[in-house]
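A.B. asks: Handing you this structure, nothing more for now.
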Amino acid sequence: MPALLAAVTPGGAPALGLPPVRAAALLLVDGLGHRLLHKHAADAPFLAAMAEHGPLTVGFPSSTSTSVTSLGTGLPPGTHGTLGIRVRVDGTLLDTLTWTGDGRDARELLVPEAVQPRPTVFEQAVARGVGATVVSDRAFRESGLTRSALRGAQYRGVGAFGDLAAELLDALGRPGPQLVYAYHADLDQLGHLRGPGSTAWRWQLRQIDRLVAQLVEELPAGSLLAVTGDHGMVTIDRRHDAENDPDLVAGVALVGGDPRARFVYARSGAAADVLASWRGVLGDDAWVVDGDEAIARGWFGPVDEAVRDRVPDVVAALRGTAAVVCPTAEPLLSRLPGQHGSLSADELVVPLLAAART
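Quick note on numbering: the sequence shown equals residues 539 to 896 in the numbering used here.
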């Protein structure tokens, strides 16, 4: 998003090979991994033929709320503080997708603008005189993640492909410099439910390919459309149970993150024992490190002191096709075949495709 803002700002510094334009839009296709796209290029011939300005590497964990906040702020997770799907903030395990804690709306207890106080790219755009628009599901208009990561833009709520296309093109066609962000969720949903590369997933990819082709055909003069993903995905076939395996439960106060990137907050004095237990159980199925080592390895990028206490005592980044599930706390998520969040190239690497109309 900072590169797109530079592209529409007179005198802006070029970045990522994007040309200067009057208006630019980013279509975020949730779950569109670089490797998945190229493996299934026959289902997406238009996307496969677009100019590649990446690929890009998303932050860790390779999960939606982390990546959306990185896109919306231009900052790595350790700076913006949305470190994962479920992360401890001021003593509460916050679900950053639903902005709930203990199953309850947490927007008053943990005010999104305070949890993530860094200015968004959209706020920066408006300050420069650039129009800013977010096109996304109408249900997300006042969500905690929207307020945290995407605030400052005019929000255009949509309900279907046609809606999204119409609003994106309308925003690009407004006079003056324009910056637009649009979000599409269905590829990720089908990847989770049916598996990435499944028949249903491939049919959805075909529909997205046609949507992008039609959008490019209708682009207003002087505008650009970029397409990326927030993560890729893998199919899992091995599950470790963090709620019922006694060796994974011992000494643990809270389990956050998601099945491919578990955050473990230990009881007082138990961190070393928890680290040893999780390493022993997971073995070659995960990289298991303490919070200090995760920071030293740069997994979160530079970590601000203000968010240091959100970093867990133990981080388990799953390998291969394994996951760590919480079947009571996350009953649906624990059963899904498609997962993401870890450090594999299948999950971390996403495309950056672009087309412009002069």
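The beta carbon of each residue, even a glycine, is placed where N, CA and C say it ideally should be.
Taking 8 Å as the cut-off, does the segment 863–883 touch the segment 726–737 (at least 3 CB pairs, one atom from each stretch)?
C.D. replies: Yes, they touch.
A.B. asks: If you scan the segment 744–811 from start to end, which runs of the beta strand (DSSP E) of 3 or more residues do you find wholly inside it?
C.D. replies: Counting only runs of 3 or more, we get 761–766, 776–779, 790–796 and 799–804.
A.B. asks: Figure out for me which residue from T595, A561, S608 and L613 has the closest Cα to the Cα of L886.
C.D. replies: The shortest C-alpha separation from L886 is found at T595.
A.B. asks: So the beta strand (DSSP E) H722 belongs to, where does it begin and stop?
C.D. replies: From DSSP, the beta strand (DSSP E) with H722 extends over Q716 to H722.
A.B. asks: Bridge partners for D828 per DSSP, in chain order?
C.D. replies: Answer by DSSP bridge pairing, in chain order: V852.
A.B. asks: Just tell me which of I623, E868 and A551 has its CA closest to the CA of V559.
C.D. replies: Comparing Cα-Cα distances from V559 to each of I623, E868 and A551, the minimum goes to A551.
A.B. asks: For G818 and G839, I'd like the C-alpha separation in whole angstroms.
C.D. replies: Taking the straight line from one Cα to the other gives about 27 Å.
A.B. asks: Exposed or buried, which one is W741 when buried takes at least 16 other CB atoms within 10 Å?
C.D. replies: Its Cβ having fewer than 16 others within 10 Å, W741 is exposed.
A.B. asks: Which of the three DSSP states, helix, strand or coil, is assigned to R642?
C.D. replies: Correct three-state label for R642: strand.
A.B. asks: Under the assumption that G795 contacts A808 (Cβ atoms under 8 Å), give the Cβ distance between them as a whole number of angstroms.
C.D. replies: No, G795 and A808 are not in contact; Cβ-Cβ is about 18 Å, not under 8 Å.
A.B. asks: Taking the C-alpha atoms as reference points, what is the distance between V888 and L570?
C.D. replies: Spanning the two alpha carbons is a distance of roughly 7 Å.
A.B. asks: Just to check my reading of the structure: V852 and V812 have Cβ atoms closer than 8 Å, yes? What is that Cβ distance to the nearest angstrom?
C.D. replies: Yes, V852 and V812 are in contact; Cβ-Cβ is about 5 Å, under 8 Å.
A.B. asks: Does DSSP classify E885 as helix, strand or coil?
C.D. replies: Looking at E885 - three-state DSSP - the assignment turns out to be helix.
A.B. asks: Only counting the same chain, and skipping five residues up and downstream in sequence, which positions put a Cβ closer than 8 Å to that of L890?
C.D. replies: Taken in chain order, the residues that qualify are L554, E590, H591, G592, P593, L594, A764, V765 and T766.
A.B. asks: In the DSSP assignment, find the beta strand (DSSP E) that holds G669 and state where it starts and stops.
C.D. replies: Counting along the chain, the beta strand (DSSP E) containing G669 begins and ends at G669 to D675.
A.B. asks: What is the DSSP secondary structure of R510, reduced to helix, strand or coil?
C.D. replies: Beyond the ends of the chain as shown, which are 539 and 896, falls residue 510; an answer cannot be given.
A.B. asks: Hey, which unbroken runs of the beta strand (DSSP E) at 3 residues or more fall wholly within the segment 551–622?
C.D. replies: Here the runs fully enclosed are 561–567.
A.B. asks: Give me the Cβ distance between D675 and A751, rounded to the nearest whole Å; I'm assuming they're in contact under 8 Å.
C.D. replies: D675 to A751, Cβ: 23 Å. No contact.
A.B. asks: Can you tell me the Cα-Cα spacing of R846 and P655, whole angstroms?
C.D. replies: Using only the alpha carbons, I get a separation of about 15 Å.
A.B. asks: Look up Q654 in the DSSP assignment and say whether it is helix, strand or coil.
C.D. replies: In this structure, Q654 counts as coil in the three-state DSSP scheme.
A.B. asks: Measuring CA to CA, which of M771, L688 and V787 is closest to L725?
C.D. replies: If we check each option's Cα against that of L725, M771 comes out closest.
A.B. asks: Take P650 as the anchor and find which of L632, D640 and V664 has the nearest alpha-carbon.
C.D. replies: Of L632, D640 and V664, the residue nearest in Cα terms is L632.
A.B. asks: What is the rounded straight-line gap between the Cα of H769 and the Cα of D640?
C.D. replies: When rounded, the distance between both Cα atoms is 27 Å.
A.B. asks: Any idea if S882 is buried or exposed, counting beta-carbon neighbours within 10 angstroms, 16 or more meaning buried?
C.D. replies: By the 10 Å Cβ count, S882 comes out buried.
A.B. asks: Could you tell me whether the segment 680–698 touches the segment 652–671, where touching means 3 or more Cβ pairs closer than 8 Å?
C.D. replies: At 8 Å Cβ cutoff, the stretches touch.
A.B. asks: Under the three-state reduction of DSSP, which class applies to R857: helix, strand or coil?
C.D. replies: Correct three-state label for R857: coil.
A.B. asks: Starting from G700, trace the alpha helix (DSSP H) in both directions and tell me its first and last residue.
C.D. replies: It spans F699 to L710 - the alpha helix (DSSP H) in which G700 sits, taken as one unbroken run.
A.B. asks: Is it right to say G829 is buried, meaning 16 or more other beta carbons lie within 10 angstroms of its own, or is it exposed?
C.D. replies: When all chains shown are included, G829 counts as buried.
A.B. asks: Spell out the partners DSSP gives Q877 in its beta bridges.
C.D. replies: In the DSSP output, where bridge partners are listed per residue, Q877 has V772.
A.B. asks: Check whether the Cβ atoms of R905 and G695 lie closer than 9 Å to each other.
C.D. replies: Limits of the chain in this structure are 539 at one end and 896 at the other, which puts residue 905 out of reach.
A.B. asks: Tell me where the beta strand (DSSP E) around L635 begins and ends.
C.D. replies: First-last for L635: undefined, no H or E at that position.
A.B. asks: May I ask which residues mark the beginning and end of the beta strand (DSSP E) holding V627?
C.D. replies: Per DSSP, V627 belongs to the beta strand (DSSP E) from R624 to V627.
A.B. asks: Which residue marks the beginning of the beta strand (DSSP E) containing R694, and which one marks its end?
C.D. replies: R694 -> beta strand (DSSP E) spans Q692 to V696.
A.B. asks: Closest to G821 by C-alpha separation, out of L757, T620, A860 and A704, would be which residue?
C.D. replies: Closest option to G821, Cα to Cα, is A860.
A.B. asks: Quick check on T737: does DSSP put it in helix, strand or coil?
C.D. replies: Correct three-state label for T737: helix.
A.B. asks: How many whole angstroms separate the CB atoms of Y803 and A814, which I take to be in contact at a CB cut-off of 8 Å?
C.D. replies: Between A814 and Y803 the Cβ distance is about 16 Å, and since that is not below 8 Å, they are no contact.
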